[in-house]
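Visitor: Residue numbers (the numbering used here), protein chains in the order written: chain U, 1 to 139; chain G, 1 to 412.
Think of the CB as a built atom: it goes at the ideal place given N, C-alpha and C, for glycine as much as any other residue.
Small disclaimer: the values here were computed from a predicted structure and weren't measured.
(1) Hey, does residue 413 of chain G have any beta-carbon neighbour from chain U nearer than 8 Å?
(2) Examine chain U for any beta-carbon lying closer than 8 Å to the beta-carbon of residue 11 of chain G, and answer yes or no.
(3) Is residue 51 of chain U close to chain G? Criterion is C-beta to C-beta, closer than 8 Å.
(4) How many whole angstroms separate the CB atoms of residue 64 of chain G and residue 36 of chain G, which I take to be in contact at a CB cut-off of 8 Å?
(5) Counting only beta-carbon separations shorter than 8 Å, does residue 39 of chain U have a partner in chain G?
(6) Starting from the beta carbon of residue 134 of chain U, find every residue of chain G whose beta carbon is closer than 9 Å, and list them in chain order.
(7) Could you tell me the distance, in whole angstroms, from the CA atom of residue 155 of chain G to the CA atom of residue 133 of chain U?
(8) To the nearest angstrom, report how far apart residue 317 of chain G and residue 66 of chain U are at their CA atoms.
(9) List the residues of chain G that residue 88 of chain U touches, going by C-beta distances under 9 Å, in chain order.
(10) Is residue 42 of chain G close to chain U? Criterion is C-beta to C-beta, closer than 8 Å.
(11) Could you name the residues of chain U that residue 148 of chain G contacts, counting a contact when the two beta carbons are closer than 9 Å?
(12) Give the range of the beta strand (DSSP E) segment to which residue 293 of chain G is assigned.
(13) Using the beta-carbon of each residue, which ones in chain G are nearer than 8 Å to residue 113 of chain U?
(14) Less than 8 Å between the C-beta atoms of residue 93 of chain G and residue 233 of chain G, yes or no?
(15) Who are residue 255 of chain G's beta bridge partners in DSSP?
(16) Using a beta-carbon distance below 8 Å, is residue 100 of chain G in contact with chain U?
(17) Give every residue of the same chain whose Cβ lies closer than 7 Å to the Cβ of residue 112 of chain U, excluding the five residues on either side of it in the sequence, and list them in chain order.
(18) Do the CB positions of residue 381 of chain G and residue 374 of chain G come within less than 8 Å of each other?
(19) So which of G/289, G/243, G/299 and G/230 has the shortest CA-CA distance to residue 308 of chain G?
(20) For residue 293 of chain G and residue 51 of chain U, I'd like the C-alpha separation in whole angstroms.
(21) So, residue 165 of chain G versus residue 129 of chain G, is the Cβ gap smaller than 8 Å?
(22) Using three-state DSSP, classify residue 373 of chain G as helix, strand or coil.
(23) Can you list, in chain order, the residues of the region 3–33 of chain U whose Cβ is nearer than 7 Å to any Cβ on chain G?
(24) Find the residues of chain G that neighbour residue 81 of chain U, judging by a C-beta separation of less than 8 Å, and give them in chain order.
(25) Report the neighbours of residue 423 of chain G on chain U: residues whose CB is nearer than 9 Å to its CB, in chain order.
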């Protein structure tokens, strides 16, 4: 059995602790440099297979918020963010109304009642290679 | 040998320090972020304030966030740092900061035909300037020769020209520069009820200043935190308007010491007369936003801006109250009703309007020619009739409430 002297043990232990400190310190440095104070907000949304949305349907995605429209001319999407001050619109019969300040929009996004003056934003929808619909939040 | 041992101890201390730092850092708050649609910039305020209730339906946190109103450091997780640049401490609606907090061309400094510049209106309103009271008291004690308003609680300029009143500015009032002792006392004791003031220490008054003076309910001695409403109860108005009386001999304000039980007692000073509706309704059921918040002009006194009378709703023997049929979906009546949805107004409805054209959006003409009003706070339904065709023997030229009180004052 090999034995090490006390002096060797202390020396090895010291080196070991230093090495461990180095690893921890390096980890902290990586964490510090990699910290992102700003949050990336999602701008692309995978809506799943296009075949899940038959012609004639209007599907609401409150998490975006947007409505996906599939009609004879294809897929399109409208933002459900009020153009007045950005509140999420609520469906009101066939129209959309803003719970914050009372703006109303028709089903194609045209302003029916203020205070909003601009119609709802049209968002782009594309189909990828897998047949999934990808909705882009910026028009 | 000594060198190796020292190195070991130093290494151990170094490792311990790094480990402790890592541990403390990992124990820190996990940020909870929100990216308001209005700003598009992430903020971490909800890390600590997620339990705060929504301030109002018109200001959802998902759209507004916190920073746009309150200021502060949006990405800070240290409380002191996060709060270091907040506006107005806990009240961003204080008039000193309200333009940055609540203003803006799409918010409450709108230059539109709906009197959307709320901040300019409130800043020049009689409830902020106190111009009438200051002028009257100065006149009474010989500091000025007539009742022309020269001073407000703050210096203010009317920027919404042309001015209907011709009063273009007020200088900031400083009672300490007055020579008459009563005026100095007036400054010390009697300037605590305007919108820009803080309640005087030792009094029972509990209100915020600025917008929150009216729009953040303060009942039972406590201000309800983080609430804005247009359903303003008479109790909120009472925080200033029924707190007591001035003692002109000592120029002090004497707070009420009685313990009112009924609403009538709570509402008014006991010497006054009132009709049923004057104490059953809330103040905001009749008094319009222009009367309360001003019309953008600087006024000399309350009488110049307050114009609602009994006839506004009841008409006279010779005239029905003014009405209009709602035909435009963008009519102000719909906007105001949306902020406090006690009624479901529809195109085609007929509502009452004031002589200045302000919609009394909580009223409705019924098919039988009578009217109803919904209490903006109580949601109570009130049914009422016009004077015309009734047994009323009023003189149509005498419409001040004192004349109506002669027959319609309630006993108390």
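Guide: Well, looking at it:
(1) Residue 413 of chain G lies beyond the residue range present for chain G, which begins at 1 and ends at 412; the question has no answer from this structure.
(2) yes
(3) no
(4) 6 Å
(5) yes
(6) What residue 134 of chain U touches in chain G: nothing, since even the nearest Cβ is about 21 Å away.
(7) 60 Å
(8) 56 Å
(9) 37, 60, 62 and 63
(10) Chain U contact via Cβ: present.
(11) What residue 148 of chain G touches in chain U: nothing, since even the nearest Cβ is about 39 Å away.
(12) Careful: residue 293 of chain G lies outside any beta strand (DSSP E), inside the alpha helix (DSSP H) at 289–293.
(13) 329, 330 and 334
(14) In this structure, residue 233 of chain G does not lie closer than 8 Å to residue 93 of chain G by Cβ.
(15) Residue pairing for residue 255 of chain G: DSSP places it in a beta bridge opposite G/244.
(16) no
(17) 95, 104, 105 and 106
(18) yes
(19) G/289
(20) 56 Å
(21) The Cβ atoms of residue 165 of chain G and residue 129 of chain G lie no closer than 8 Å to each other.
(22) Strand.
(23) 7, 10, 11, 13, 14, 17, 18, 20, 21, 24, 25 and 28
(24) 37
(25) Residue 423 of chain G lies beyond the stretch modelled for chain G, which goes from 1 to 412, so this question has no answer here.
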